[in-house]
Amino acid sequence: GQRWVILETDALPRLNRAYRRATREHLYVADASGARLLLASALPVEGRPNESFIARAVLEEAPTPQHPSGATFDDDIELLGYDLDLPGGDAVGAGQRFSVTWYWKVLGKAPPGYKVFVHIDGNGLRLNGDHEPVGERYPTKLWSEGDIIADSQTLTVPPNFRPGDYTINLGFFSGSKRLEVSPGASDGETRARVGVLPVR
């Protein structure tokens with residue numbers, strides 16, 4: 002029958018992981034309007050979508066990214082590709098914000114304690130997008146084999162960036178350690194070169 006539970010937002014990722022292992026489904030969150038608390042239920046409520054941020058981030062099927070990749074990290078994590086949402090449609094200007102969504106597929110046992118680093122380089126400049134996946138809500142220690150993760154972030158182009166194509170490099174780091182990148186994708190600095198950011 003129907004059961005309800007109020008839980009802290011920070012508890013959802015671990016609870017959802019255990020629930021998925023038992024049921025192969027995401028825990029249903031009926032109300033996520035609070036900043037610190039969620040209302041979850043045993044059964045979905047008709048007419049109300051699942052408001053779980055984990056259900057939105059951990060996908061049931063692999064997407065078709067705008068920019069495919071295929072780079073792997075320690076043979077355990079694959080970057081399927083990424084989508085860019087640019088304010089100019091096909092470019093972004095200095096001082097403007099843009100969004101990028103990275104699509105990860107977990108191939109094996111994801112190493113715990115690693116964050117994503119993003120280096121967007123060109124003209125002697127760098128835009129740094131280091132982050133904990135899924136807005137710090139779904140760290141690699143919770144990733145399970147088979148997970149397909151949509152990891153979105155919003156970045157701002159520094160005002161001193163001149164027009165040009167800036168190279169997007171990324172990888173995983175923990176302190177001074179980085180995961181190894183598959184041959185053909187690495188730029189020689191344990192980073193995957195995955196595309197360009199057009200600044201106009």
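In this text, residue positions in the sequence shown follow the working numbering: the first is 2, and each later residue adds one. From the three backbone atoms N, C-alpha and C, an ideal C-beta is built for every residue, glycine too.
- In this structure, the beta-carbon distance from Ala111 to Thr141 falls below 7 Å.
- Contact check for Lys116 against Leu81 fails: the beta carbons are separated by 7 Å or more.
- For Trp103, the closest of Thr65, Gln97, Phe162 and Asp122 by C-alpha to C-alpha distance is Thr65.
- In the three-state DSSP reduction, Lys142 falls in the helix class (H, G or I).
- Residue Ala193 holds the alpha-carbon nearest to the alpha-carbon of Val182 among Gly176, Ala193, Phe174 and Ser175.
- By the neighbour-count criterion, in which 16 or more other beta carbons inside 10 Å mark a residue as buried, Thr73 falls on the buried side.
- In the three-state scheme derived from DSSP, where H, G and I count as helix and E and B as strand, Asn161 is classed as coil.
- Here Trp5 is exposed. Its C-beta has fewer than 16 other C-beta atoms within 10 Å.
- In this structure, Asp131 sits away from Thr168, with a CB-CB distance that is not shorter than 7 Å.
- Distance from the Cα of Asn161 is smallest, within the candidate group Gly94, Phe54 and His68, for Gly94.
- Its chain contains Asn17, Tyr20, Arg21, Asn51, Ser53, Ile55, Ala56 and Val59 as the residues whose beta carbon lies nearer than 8 Å to that of His27, once the 5 sequence neighbours on both sides are disregarded; these appear in chain order.
- The secondary-structure analysis by DSSP pairs Phe173 across a beta bridge with Val117.
- In the assembly as shown, Gly165 is an exposed residue. Its beta-carbon has fewer than 16 other beta-carbons within 10 Å.
- In the three-state scheme derived from DSSP, where H, G and I count as helix and E and B as strand, Arg98 is classed as strand.
- Here Lys110 is not bridged, per DSSP, to any residue.
- Listed in chain order, the beta strand (DSSP E) runs fully inside the segment 58-92 are 68-74 and 78-86, counting runs of at least 3 residues.
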